[in-house]
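See structure below.
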Amino acid sequence: MAAPTSADTTSDLPTHRYDAALAQEIEARWQDRWEAEGTFHTPNPVGDLSEGFDAVADRPKRFVLDMFPYPSGVGLHVGHPLGFIGTDVYTRYLRMTGHNVIYTMGYDAFGLPAEQYALQTNTHPRVTTEANIANMRRQLRRLGLGHDPRRAVSTTDVGFYRWTQWIFLQIFHAWYDRDAGRARPIAELEAELDAGTRQPDAGTEPTGRPWAELDATARRAVVNAHRLAYLAEVPVNWCPGLGTVLANEEVTAEGRSERGNFPVYRRPMKQWMLRITAYADRLVDDLELLDWSDAIKSQQRNWIGRSTGARVRFASPAGDLEVYTTRPDTLFGATYVVVAPEHPLATALTADAWPDGPDLPERWTGGAATPAEAVTGYVAAASRRSELDRQTEGKDKTGVFTGTYATNPADGRLVPVFVADYVLMGYGTGAIMAVPAHDQRDFDFATAFGLPVVGVVEPSEAWRARHDVAADAPAGQWPEAYVGDGVAMASANADVTLDGLAVTEAKAAITAWLEHVGAGEATTQYKLRDWLFSRQRYWGEPFPIVFGDDGEPQALPDEALPLVLPPMEDFSPTTSDDEDSEPEPPLGRVTDWTTVTTDLGRGDGVQTYRRETNTMPNWAGSCWYELRYADPTNTEAFVDPANEAYWLGPRSEGDCGGADLYVGGVEHAVLHLLYARFWHKVLFDLGHVSSSEPFRRLFNQGMIQAYAYLDERGFYVEATEVTEVDGRWYHDGREVRRELGKMGKSLKNAVAPDEMCERYGADTLRLYEMFSGPLDQSRPWDTTAVVGMYRLLQRIWRVFIDEDSGEVRTGPVDDGAAVADETQRALHRTIAAVHDGMETLRFNTSIARITELTNHLTAAYPDGGVPHSVAEPLALLLAPVAPHTAEELWSRLGHEATLAYEPFPEADPAWLVDDTVEIPVQVNGKVRGRVTVAADADRDALEAAARGDDKVAALLAAATIRKVVVVPGKLVNFVVG
RNA sequence: GCCCGGGUGGCGGAAUGGCAGACGCGACUGACUCAAACUCAGUUGUCCGAAAGGGCGUGCGGGUUCGAAUCCCGCUCCGGGCACCA
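Numbering (the working numbering), first residue to last: 897 to 1873.
This is the structure we're talking about:
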């Protein structure tokens, strides 16, 4: 006989207690049943999944969406599913309140992380991706998420990325008609060019010849230059460490790659670009239509960076020098001009010799003998400096004088032209007019270089007082630039005067004058750049593009899709630490794939073409996956218009449509959410979708943080092995330092959901995650607190089930008449409060109310016999948050069918009001007593009752009543003196 | 520097102009147990007090109000984003 183990000591516990083993048995059984019965299958209006739609056609629909995960190799920790559980609770509630709900989960499986994981494990990404997806599915299924499994897609499925390629071709086959303010098919542009009703955009034909004089190749080049997807030789972010170029959004402020932290270099390269800038205005303006947090909206606005101002031309020996300014009202205060080191006119602006006159300060010339020497040296030095260098060197202003003067168009003054790297070539015109009196950067430069500071806006009195500046002090004596509002001064010429005008009026006046004399015009500028869309990596969607002999890209016909990613044994990227290395896409090594002989169907017959060997970035699939959820099996279209209109279409005139709720992390505030909005708008313009925005409502869930512990060497120690003594933490007998951060393997503080399921069951984990705080708030994980929700489920279980016999112990079926008033009130208040928490996604308060009801029932019915008319709604109230337990209790009450579609309990208003209420009585705002009065007592009755309270009466007797505030049903307040 | 959040018991949080701290964790006390764990019951903002009761209390300072965690102004600390964008 084996010695008794600890397990034996549990044998005297009640046999039918709700414990982890029972929970897991129940959970597995209900998960199997939901899957077998297709409980969460949601019908579509049309197509493969339309069976059963008629039965639900009259219900309101809801599209609830999680940001789909990247299937990582390390599996989930308990922080990952927070949002998923939240949406599952919400969708279960929506189903029970009569909605037709689309809810599923896909996988964002292309891209750098998946490929890097495959490289680390020396396995093909297709294999690792599929294994990771299978593991993640298992983990998510175990949480009881009510997804429609038929709609689960992965971006790496050929049946999915076939449509990613198709949408890319739609973008390729489109151009942005600025007059119409929307994208249109490229064929319409060609027709208008042929008909002569439209001329090519400026700059799209290098020699500027008219359309009619162009040959076929030149015409193709012009058309290609108009497309929303185009190849361009532009300065891109080249990351040799990753062997690929990156989007601006993927590069950190330190000039390194967001993935892998490798250095990134700006280099001109010919790459695929998507013309997201065409949509800049709509991407800003349509934020108004969205139910998103102000934080995310402002991040998007900042990223797009729209500013309004004017272009102003300064005459110079090298021709007109155009600057961009948001403060044209300060034109009279412009005392010098600066061009970026990369500015195309930098060389032409450089004088042959330093101008005559007094010796120039060394700071201006850099000690060089000639302007050419100074400028060339400065430009060369600037080009060598990486973004990182610029960062570390701080913001000390450097620059050199070009030896040239330009003419301020407002007053004809000659101002020196400088080259300085505080002016960026990538923004505006790459040249500025410097107004040191009213721009801090210009002020700093002017101070360093001894340039004049001319004030043209009167500083506010507050500013002058703060800086101890006299009203008549010249700007040259100011301690800093005055950037605030004020009235213009010293700003007049023979034609126009700004003096006395406020900033806004002055801007309008000077801009009108500039336009009148042809020296400038109003303009809008954006920080947003076009989206660099190609990557030199293997694990992504191949471009459905080929190149003919003329080198111009041409689209594969739709029938050629999908263009399947060719299998490769060695798919590793060509990485390097050499800044000057060249990108070499792995697909370029698949020699039997890179050339193709085919008929593109555009009249050129069968030709041999070279394939595009770049792949798309991982963002491509996530730009439209929610649309595929709505029609995942469609082989004729990416989504049937009827299904799109039903699930995503606008609900009313002026509504943008889109998913009803999108839940995900705030880290996607700009990248994914901006890209997806852009693609959606292109599809909208081309008539493929009826919604103009993909995500009507966005909700950012918080993060589950976790404590991590560091030993004295600064290494992380296993968090589970740390013990606390009197507020200090110890590991292996030695004190360790605690810090709160992310949860993860590397911090040795990850807790796996599987582990929680084994210790408590999935319902306990779900309850804990939902109870620990409102969904949008971050909170630290606390394993010791999980038991609270475990006890709650045990208590609820005991309301229904006898722990010893396993028999149902609720009362017989009743009509509610025999239920105590107190219990009725408790029940109906709970129902009302749970509804409220569900609607506002504050599930923590719903759970608290359910706990209160349970506590009430436990106390009121210590020997069982909770009325049936109370027990049933309790099971239903529990269903969204703890669905397995709720299903089990519901079935044990004698119901055959799942409760997933059972109507959610509705509160009876009659039980929400009390006959009598306890009213606080205040004296001078402090509660001094309480009186119980009829709920509908009027003011006089209430005041009389309040005066009748012994303690209040005693206080009032000793003082003079100055005022009495009576709020019926709320309180009485005596103000005494 | 600029732009967003946020600060309430030992901890997670509740209350969004009307009884601060619901609900849960932890802690303490008790029941069960040989004992412990589990479970159950009770207490638990803080200070004074044996108690009754009272003082104080929602980051700090001011304001509005009969009444402020909640609204307004100024500051401070923490978290996140952007950052030479003219």
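Backbone N, C-alpha and C fix where the C-beta goes; we use that ideal spot for every residue, glycine too. Everything numeric in this text was worked out from a predicted model, so none of it was measured.
Give the straight-line distance between the Cα atoms of residue i and residue j, rounded to the nearest whole angstrom.
i     : j     : result
Y1318 : G1324 : 13 Å
A1117 : L1065 : 17 Å
L1394 : V1352 : 9 Å
R1431 : T1531 : 28 Å
V1492 : V1442 : 8 Å
S946  : P1546 : 21 Å
R1705 : H1043 : 33 Å
D1182 : G1554 : 13 Å
F1800 : N1596 : 26 Å
W1359 : A1418 : 30 Å
N1133 : R1163 : 7 Å
T1000 : E1480 : 38 Å
V1861 : G1844 : 16 Å
W1409 : V1392 : 7 Å
L1852 : A1755 : 40 Å
D904  : E921  : Only weak support exists for where D904 lies, its pLDDT of 40 falling under 50; the coordinates are left without a value.
R1046 : P1528 : 8 Å
D915  : Q1690 : 7 Å
Smallest Cα separation from residue i: which of the options?
i     : options                    : result
L1723 : L1808, N1740, L1663        : L1808
D1454 : R1058, N1751, A1744        : R1058
S1701 : Y1664, G1760, M1652        : G1760
F1696 : T1750, G1055, G1669        : T1750
S1189 : G1561, E1783, W1489        : G1561
A924  : F959, D1368, R1037, T1113  : R1037
L1110 : L1089, F1429, R1634        : L1089
V1203 : A1191, P1159, P1224, E1357 : The amino acid at residue 1203 is misidentified as Val; the sequence shows Ser. The option with the nearest alpha carbon to S1203 is P1224.
D1473 : A1830, L1138, H1020        : L1138
G975  : L1661, D1004, A1771, E1522 : L1661
Does DSSP classify residue i as helix, strand or coil?
i     : result
Y1013 : helix
W1199 : helix
G1055 : helix
P1159 : strand
K1638 : coil
P1805 : helix
P1224 : helix
L972  : coil
Q1095 : coil
T905  : Caution applies to T905, whose pLDDT of 41 falls short of 50 and renders its modelled position unreliable; the model cannot decide the point.
G1262 : coil
Q1673 : coil
Y1072 : strand
A1418 : strand
R1592 : coil
N1869 : strand
E1086 : helix
Quick one: is residue i buried, meaning 16 or more other Cβ sit within 10 Å of its Cβ, or exposed?
i     : result
V1208 : buried
A899  : A caution first: A899 carries a pLDDT of 33, below 50, which makes its placement in the model unreliable, though a value can still be read off. With fewer than 16 other Cβ atoms within 10 Å, it is exposed.
F1611 : exposed
Y1797 : exposed
G1040 : buried
T1856 : exposed
L1636 : exposed
T1726 : buried
Q1906 : Outside the shown range of the chain (897 to 1873) lies residue 1906, about which nothing can therefore be said.
N1157 : exposed
Thinking residue i and residue j are a contact (beta carbons under 8 Å), I'd like their distance in whole angstroms, please.
i     : j     : result
L1567 : W1515 : 7 Å
V1502 : T1490 : Contact doesn't hold; Cβ gap of about 18 Å is too wide.
T1024 : T1017 : 6 Å
N1539 : P939  : In fact, because the Cβ distance is near 10 Å, the residues do not count as touching under 8 Å.
F1574 : P1513 : Wrong, their Cβ atoms sit about 13 Å apart, outside the cutoff.
Please determine whether the Cβ atom of residue i lies at a distance below 7 Å from any heavy atom of the ligand SAM.
i     : result
G1844 : Although the ligand SAM was asked about, the structure shown includes no ligands whatsoever.
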